[in-house]
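Asker:
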Amino acid sequence: MADFTQTLPDELCVHILSHLDVASLAAAAQTCTNWNRLAADNSPWRAATHREFPGDPLVPALAPLTAAVGWRHTYREVARIRANWSAGRCALRFLTGHTGGVWGLDRLTDSGLLVSVGFDNVVRRWDLRAMAEVDVLRRLSAGPNNFRAVGGDLVVGIHDGAINIWDLPSRSLLACLRTPYTNLTAMRAWRASSGLRIALGTSSGDVRILHVPLVHGTPVLDEAGTANYELELDETPHEDAVRSLAVADDGSAIVSAGKDIAMFSVSPPRLVQAFPGHTPLSVSAVTFDATTVVSGSGDRTVRVWDVASGLELAVLEGHTRTVSAVAMAGSLIASGSSDGTVRVWSRLDGTLLHTLTLPDPATNSGLGNPLSLAFDPTSIVVGLRTGSIAGIGRRPARRVGRDRCAGYCLGNGSDQGPDMAL
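In UniProt numbering, the protein residues as written are 1 to 422.
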């Protein structure tokens, strides 16, 4: 029988292959040299990726910016990540040094560093690749949630209304920003085009946004030691204390949580959406992106909300105590609870992929108590109440479904994908 691919244009052959599932595509690649060449085209793998992982937020993050990095690679990485979390193929390592609970974690992705803040009022930087401490910034008097690493700066909110801005590389105090608020309960900070912006939540339910101009990286304050101006929301969004704040990656929006959840635009500062649904117990953790808000609460649930409509999309149940930390990474949601577990869920359908019960080397017990999370699709860093930091990373990657892919979609060379920095 004649090979029809010899009589058709390559573009049409590739279009036909784009309708195959991954197993059939891999089998086609083994048929002959010409079919292997056609199956290596980006188009069939792009179609397979979007077909098997529809709406997966991880796909755009891994998608090739140029043809030099193919969709076959993207498909492989998404499939590996899902398979590893589902199978529980994780390596667990610990960092120790804090003598009080680790309530703040920020991952500086460009440098591979982790910044942590504990109830011992110590800020530490860690190299996640070497799993070692880099340096220590001491003598801080911050409170829970009042911490954010911003590039090379560390911003720490103080309960008496002052906000210290530290330079991490030099470990020097750049500025002490005085505010009229003595009831700060939450804080987040981020760089804007004109300087540094700091969102504050108070015990009375107010949300404020401060602006601090930066000149050559140094904060510029007036003679009274205050920021140049402040953006104030037109209404008090919460009936009780603000327990958690989250900021969009581009700084355009804020989500605040207390006994309820609200989203605001930054410019102009106004209420955009409200998210009802949790019981009257306070929401203890919140995170969001352009399409989804995820929250954890004392009602022991993780809830997923649609940003545009404010509708509740899913209630993730399984934790037996307060959900104290939540984070999103691509198509995954991670939640930490005082029941001593970290759970990884599918963001697409709410499926529980993996439950990890954390041991705690500080107490030699089988139960760690998560307070904070830093998450990317292949690893989780967890701050524990006793001061330990747990790193949960995938083991060296394995082939995903060799029988499905006939060894083709994951390549025919070495199967050892890069280890995560844990």
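Think of the CB as a built atom: it goes at the ideal place given N, C-alpha and C, for glycine as much as any other residue.
Predicted model, so just to flag it, every value in this text is computed and none were measured.
Within the stretch 291–372, note down every full beta strand (DSSP E) run reaching 3 residues or more, in order along the chain.
Answerer: 292–297, 302–306, 312–316, 323–329, 332–337, 341–346 and 352–357
Asker: Strictly by DSSP, which residues pair up with residue 176?
Answerer: Along the sequence shown, one-based indexing puts residue 176 at 176. Bridge partners of residue 176 according to DSSP: 164.
Asker: Taking the beta strand (DSSP E) that residue 125 falls in, what are its first and last residues?
Answerer: In the sequence shown, residue 125 corresponds to position 125, counting from 1. 123–127 is the span of the beta strand (DSSP E), which, as asked, contains residue 125.
Asker: Does residue 13 come out as helix, strand or coil in the three-state DSSP assignment?
Answerer: Locating residue 13 in the sequence shown gives position 13, where the first residue counts as 1. Three-state DSSP puts residue 13 in a helix.
Asker: With 16 as the cutoff for other CB atoms within 10 Å, does residue 369 come out buried or exposed?
Answerer: By one-based count along the sequence shown, residue 369 stands at place 369. The residue in question, residue 369, is buried, as its Cβ has 16 or more Cβ neighbours within 10 Å.
Asker: Quick one: grab the DSSP three-state call for residue 239.
Answerer: Stepping through the sequence shown from its first residue, residue 239 is reached at position 239. If DSSP states are grouped into helix, strand and coil, residue 239 belongs with coil.
Asker: So, at 6 Å on beta carbons, what are the nonlocal neighbours of residue 245 in its own chain, with the 5 sequence-adjacent residues on each side left out?
Answerer: Indexing the sequence shown from 1 puts residue 245 at position 245. Around residue 245: 186, 188, 199, 201 and 256.
Asker: If we call anything under 9 Å between Cβ atoms a contact, is residue 296 one with residue 285?
Answerer: For the purposes of this step, residue 296 is identified with residue 296 of the sequence shown, where counting begins at 1. For the purposes of this step, residue 285 is identified with residue 285 of the sequence shown, where counting begins at 1. Yes, the Cβ-Cβ distance between residue 296 and residue 285 is below 9 Å.
Asker: Distance, Cα to Cα, residue 385 vs residue 391?
Answerer: For the purposes of this step, residue 385 is taken as the residue at position 385 of the sequence shown. For the purposes of this step, residue 391 is taken as the residue at position 391 of the sequence shown. C-alpha separation (whole angstroms): 15 Å.
Asker: Is it the case that the Cβ atoms of residue 117 and residue 107 are separated by a distance below 9 Å?
Answerer: The residue labelled residue 117 in the question sits at position 117 within the sequence shown. The residue labelled residue 107 in the question sits at position 107 within the sequence shown. Taking 9 Å as the Cβ cut-off, residue 117 and residue 107 do not qualify as a contacting pair.
Asker: Hey, how far is the Cα of residue 380 from the Cα of residue 51?
Answerer: As a first step, residue 380 is located in the sequence shown; it is residue number 380 there, counting from the start. As a first step, residue 51 is located in the sequence shown; it is residue number 51 there, counting from the start. C-alpha separation (whole angstroms): 28 Å.
Asker: Determine the direct distance from the alpha carbon of residue 6 to that of residue 128, and round the result to whole angstroms.
Answerer: On the sequence shown, position 128 is the one that residue 128 refers to. On the sequence shown, position 6 is the one that residue 6 refers to. Their Cα atoms are separated by approximately 52 Å.
Asker: At what residues does the alpha helix (DSSP H) containing residue 29 begin and finish?
Answerer: The residue you call residue 29 lines up with position 29 of the sequence shown. Run containing residue 29: 22–29, per the alpha helix (DSSP H) assignment.
Asker: DSSP on residue 80, reduced to helix/strand/coil?
Answerer: Numbered from its first residue, the sequence shown carries residue 80 at position 80. Three-state DSSP puts residue 80 in a helix.
Asker: Quick check on the DSSP output: the beta strand (DSSP E) that includes residue 262 runs from which residue to which?
Answerer: Numbered from 1 along the sequence shown, position 262 holds the residue referred to as residue 262. Per DSSP, the continuous beta strand (DSSP E) segment holding residue 262 begins and ends at 261–265.
Asker: State the Cα-Cα distance for the pair residue 259 and residue 40, rounded to the nearest angstrom.
Answerer: The sequence position of residue 259 within the sequence shown is 259, counting from 1. The sequence position of residue 40 within the sequence shown is 40, counting from 1. Rounded to whole angstroms, residue 259 to residue 40 spans 52 Å at the Cα level.
Asker: Under DSSP, the alpha helix (DSSP H) around residue 50 begins and ends at which residues?
Answerer: Counted from its first residue, the sequence shown places residue 50 at position 50. It spans 42–52 - the alpha helix (DSSP H) in which residue 50 sits, taken as one unbroken run.
Asker: I need the boundaries of the beta strand (DSSP E) containing residue 171, first residue and last residue.
Answerer: Position 171 of the sequence shown, counting from 1, holds the residue named residue 171. Neither: residue 171 is in no beta strand (DSSP E) and is coded neither H nor E.
Asker: Is the beta carbon of residue 105 closer than 9 Å to that of residue 423?
Answerer: With the chain running from 1 to 422 in the structure shown, residue 423 is simply not present.
Asker: Consult DSSP for residue 385 and reduce its assignment to one of helix, strand or coil.
Answerer: Position 385 of the sequence shown, counted from the first residue, corresponds to residue 385. Residue 385: coil per DSSP, three-state reduction.
Asker: Which residue marks the beginning of the beta strand (DSSP E) containing residue 137, and which one marks its end?
Answerer: Locating residue 137 in the sequence shown gives position 137, counting from the first residue. Residues 132–137.
Asker: Could you spell out the range, first to last residue, of the beta strand (DSSP E) harbouring residue 274?
Answerer: As a first step, residue 274 is located in the sequence shown; it is residue number 274 there, counting from the start. First-last of the beta strand (DSSP E) with residue 274: 270–275.
Asker: Our contact map puts residue 346 next to residue 336 with C-beta atoms below 8 Å; I'd like the distance itself, whole angstroms only.
Answerer: Locating residue 346 in the sequence shown gives position 346, where the first residue counts as 1. Locating residue 336 in the sequence shown gives position 336, where the first residue counts as 1. 17 Å between Cβ atoms; not a contact.
Asker: Hey, how far is the Cα of residue 350 from the Cα of residue 389?
Answerer: Position 350 of the sequence shown, counting from 1, holds the residue named residue 350. Position 389 of the sequence shown, counting from 1, holds the residue named residue 389. Roughly 27 Å separates the two Cα atoms.
Asker: Looking at the unbroken alpha helix (DSSP H) that takes in residue 39, where does it start and where does it end?
Answerer: Walking along the sequence shown from the start, residue 39 turns up at place 39. Note, residue 39: alpha helix (DSSP H), 33–39.
Asker: How big is the Cα-Cα spacing for residue 136 and residue 111?
Answerer: For this step, residue 136 is matched to residue 136 along the sequence shown. For this step, residue 111 is matched to residue 111 along the sequence shown. The straight-line gap from Cα to Cα measures roughly 17 Å.
Asker: Using a Cβ-Cβ cut-off of 6 Å (strictly less than) and excluding sequence neighbours within five positions of residue 254, which residues of its own chain qualify?
Answerer: Counting from 1 along the sequence shown, the entry for residue 254 is found at position 254. Result list for residue 254: 199, 247 and 264, in chain order.
Asker: Take residue 203 and list the residues in its own chain whose beta-carbon comes closer than 6 Å to its own, dropping the five residues that flank it on each side.
Answerer: The residue you call residue 203 lines up with position 203 of the sequence shown. Counting only Cβ-Cβ distances below 6 Å, and skipping sequence neighbours, we find 183, 185 and 241.
Asker: Between residue 85 and residue 354, which are expected to be in contact by the criterion C-beta below 8 Å, what is the C-beta distance as a whole number of angstroms?
Answerer: Position 85 of the sequence shown holds residue 85. Position 354 of the sequence shown holds residue 354. Contact holds; Cβ gap of about 5 Å.
Asker: Could you give the distance in angstroms between the alpha-carbon of residue 30 and the alpha-carbon of residue 59?
Answerer: For the purposes of this step, residue 30 is taken as the residue at position 30 of the sequence shown. For the purposes of this step, residue 59 is taken as the residue at position 59 of the sequence shown. In a straight line, the C-alpha of residue 30 is about 26 Å away from that of residue 59.
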